[in-house]
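Under the numbering used here, the first residue of the sequence shown is numbered 220, with each subsequent residue one higher.
Don't be surprised by glycine CBs; every beta carbon is placed ideally from N, CA and C.
Have a look at the structure below before the remarks.
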Amino acid sequence: MLPIVIIGGGVIGSAIAYFLTLQQPGCDVVVVERDPTYARASSALSASSIRQQFSNDINIQISAYGIGFLRDVGTLLACPGEEPQVGLHEGGYLYLATAAGEATLRDNHVLQKRHGADVALLGPEDLARLFPWLALQGVALGSLGLSGEGWFDGYLLLTALRKKAQSQGVRYIADEAVGLDMACSDGVQHVRAVQLQSGTTLPCRFAVNAGGAWAAAIAGWAGIDLPVVGKRRTVFNLASPAPLPRCPLLIDTSGIWLRPEGKGFIAGFAPPADQDPDFAPLEPEYHAFEDHVWPLLAERIPGFEALRMQGAWAGYYEMNTFDHNALVGLHSTCDNLVFANGFSGHGLQQCPAVGRGLAELMLTGRYQSLDLSPLSIQRIADRQPLLEKNII
Ligand SMILES: Cc1cc2nc3c(=O)[nH]c(=O)nc-3n(C[C@H](O)[C@H](O)[C@H](O)COP(=O)(O)OP(=O)(O)OC[C@H]3O[C@@H](n4cnc5c(N)ncnc54)[C@H](O)[C@@H]3O)c2cc1C
């Protein structure tokens with residue numbers, strides 16, 4: 220039988236490879252990764268956090284599986300003599316809302332509770348008691364994850380998935396995919412092979428697009444228009460003399476986020492749409508710290524007046540410009556090109572559920588555990604966006 224060829228060996232491609240060879244030992248899987256150092260891959264440049272606080276069913280269900288996977292990662296991804304640890308810290312997310320955002324937070328809370336998420340709504344008095352370092356002007360309500368949310372080492376997750384996949388027989392090839400050999404019958408396309416920069420051609424049973432921010436180019440080889448672009452996001456490394464006891468991952472009413480990292484903090488922001496070009500160079504937006512991030516953070520956390528920026532990095536969100544949610548599964552015009560794209564800033568936490576689901580789809584013809592069809596790429600053709608209100 221021909222191999223399954225996965226283009227892109229980040230967390231998404233590696234999770235799919237891991238689950239394929241877990242669910243069907245001996246399954247022939249090849250991962251094509253052009254940069255084994257992952258210098259520009261989102262998986263290596265992420266804030267590596269997981270939350271249950273989404274506003275639609277499928278994203279909450281995906282995270283419920285994701286947190287269980289992260290808790291058990293040492294066992295699940297163990298290789299002989301090695302039990303990987305990804306340093307999961309369940310510090311919670313704290314969403315702050317103004318009076319205008321209060322109703323949305325309450326609606327989301329009802330949905331999250333229905334799915335069993337361990338979340339609590341907190342009024343200003345509760346917030347002041349739990350987090351005395353917060354200044355609560357303009358805050359009407361907060362929503363705190365009590366368990367099942369937090370942060371971890373995303374790069375370690377990537378290397379653990381890759382190593383485990385390799386130990387299960389997956390071959391990683393350091394090369395660039397540059398095209399697809401296509402056939403067509405009765406109006407439906409079929410990928411016969413993946414062409415590589417080196418001149419090699421890899422015949423395949425399925426080809427998987429796990430190309431991260433660069434996925435649209437891969438889709439284009441099959442004549443499919445994929446609304447995914449790279450949007451630069453800067454993460455600032457911060458040091459502060461002010462201790463913030465029990466600091467969760469804070470989502471401020473301004474949209475700025477902050478979380479502890481080692482002895483300090485990391486923080487980020489989303490640039491306004493008119494200052495957010497596609498594939499901006501991966502240089503951190505240092506000026507945004509002084510101009511925008513610091514003043515707002517110091518308003519919310521008065522102890523941050525003495526904050527120091529110690530460095531910064533930038534990576535691409537693989538942004539789905541249609542509706543900011545993952546685009547997963549087969550496209551109606553091609554029977555064996557599988558999409559795993561457009562995670563828009565939450566692919567690290569979604570890789571376990573998406574890897575498991577797409578492996579089921581390829582090996583059995585349908586989703587067996589969690590039905591990922593709400594994320595189907597078909598929703599673009601149907602003009603049916605999947606709404607998610609909690610976008611960071
Ligand atoms: C600043 C920042 C913060 C983030 N914070 C979070 C967070 O807190 N929680 C969370 O869940 N997610 C977060 N994310 C998002 C998360 O990192 C991504 O969704 C996830 O890493 C996507 O994984 P991927 O494997 O699809 O992409 P990538 O990691 O980018 O991997 C794609 C790979 O495909 C390879 N590739 C592309 N085209 C080809 C080709 N033609 N041939 C061969 N190889 C190819 C690339 O070299 C790359 O290594 C964040 C992202 C950024 C940038």
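Pair within 8 angstroms by beta-carbon distance, residue i and residue j
| i | j | result |
| --- | --- | --- |
| G574 | Y257 | no |
| S265 | L515 | no |
| A504 | G449 | The identity of residue 504 in the sequence shown is Glu, whereas the question assumes Ala. Not a contact, by the Cβ cut-off of 8 angstroms. |
| I475 | V427 | no |
| I226 | M581 | no |
| V397 | L365 | no |
| F541 | I485 | no |
| L221 | R424 | yes |
| Q242 | E579 | yes |
| S268 | R478 | yes |
| H550 | I437 | no |
| N278 | E607 | yes |
| L360 | E321 | yes |
| L605 | N275 | yes |
| F371 | V454 | no |
| S233 | L377 | yes |
| A517 | L526 | yes |
| N555 | P446 | no |
Burial state of residue i, where buried means 16 or more other Cβ atoms lie within 10 Å
| i | result |
| --- | --- |
| V329 | exposed |
| D291 | exposed |
| F508 | buried |
| H506 | exposed |
| S262 | buried |
| A393 | exposed |
| G228 | buried |
| D493 | exposed |
| T583 | exposed |
| S404 | exposed |
| K383 | buried |
| R498 | First, the residue type needs correcting, since residue 498 is Phe and not Arg in the sequence shown. That one is exposed. |
| P467 | buried |
| V410 | buried |
| S563 | buried |
| G245 | exposed |
| E344 | exposed |
| A402 | exposed |
| G285 | buried |
| S369 | The residue asked about is misnamed: residue 369 is Gly in this sequence, not Ser. When all chains shown are included, G369 counts as buried. |
| A318 | exposed |
Delimiting residues of the beta strand (DSSP E) encompassing residue i
| i | result |
| --- | --- |
| D254 | Where D254 is concerned, there is no enclosing beta strand (DSSP E), given that its DSSP letter is neither H nor E. |
| A486 | 483-487 |
| R451 | 447-458 |
| Y391 | 390-393 |
| D400 | 396-404 |
| I223 | 223-226 |
| G530 | 527-539 |
| P593 | Looking at the DSSP string, P593 is not in any beta strand (DSSP E), and its letter there is neither H nor E. |
| A263 | Note, A263: premise wrong, no beta strand (DSSP E); not H, not E. |
| I470 | 468-470 |
| L582 | Note, L582: premise wrong, no beta strand (DSSP E); alpha helix (DSSP H) at 566-583. |
| G548 | 546-549 |
| R411 | 407-415 |
| V557 | 556-560 |
| S366 | Note, S366: premise wrong, no beta strand (DSSP E); not H, not E. |
| E480 | 476-480 |
| L315 | 312-316 |
Whole-Å CB distance - residue i paired with residue j, under 8 angstroms assumed
| i | j | result |
| --- | --- | --- |
| V547 | S595 | 7 angstroms |
| L363 | L341 | 6 angstroms |
| F288 | P571 | 4 angstroms |
| V249 | T240 | Going by Cβ atoms, the distance from V249 to T240 rounds to 11 angstroms, so no, they are not a contact pair. |
| I470 | Y314 | 5 angstroms |
| A434 | C553 | Contact flag wrong, Cβ pair sits at about 14 angstroms. |
| L457 | Q385 | The Cβ separation is near 36 angstroms, so there is no contact. |
| L380 | L296 | 7 angstroms |
| A283 | Q272 | 12 angstroms between Cβ atoms; not a contact. |
| Q280 | H334 | 6 angstroms |
| A429 | I235 | 6 angstroms |
| S459 | G481 | Not quite, the Cβ-Cβ distance comes to about 12 angstroms (not below 8 angstroms), so this is no contact. |
| E301 | Y391 | That belief does not hold up - the Cβ atoms of E301 and Y391 are roughly 18 angstroms apart, past 8 angstroms. |
| V389 | L399 | V389 to L399, Cβ: 20 angstroms. No contact. |
Where the alpha helix (DSSP H) containing residue i begins and where it ends
| i | result |
| --- | --- |
| N428 | Per DSSP, N428 belongs to no alpha helix (DSSP H); it is in the beta strand (DSSP E), 425-428. |
| F238 | 230-242 |
| W513 | 513-519 |
| E321 | 321-333 |
| N278 | 276-290 |
| P343 | 343-349 |
| L376 | 373-386 |
| A435 | 434-439 |
Contact with chain C by residue i, beta-carbon distance below 8 angstroms
| i | result |
| --- | --- |
| E301 | The structure shown has no chain C; it contains just one protein chain. |
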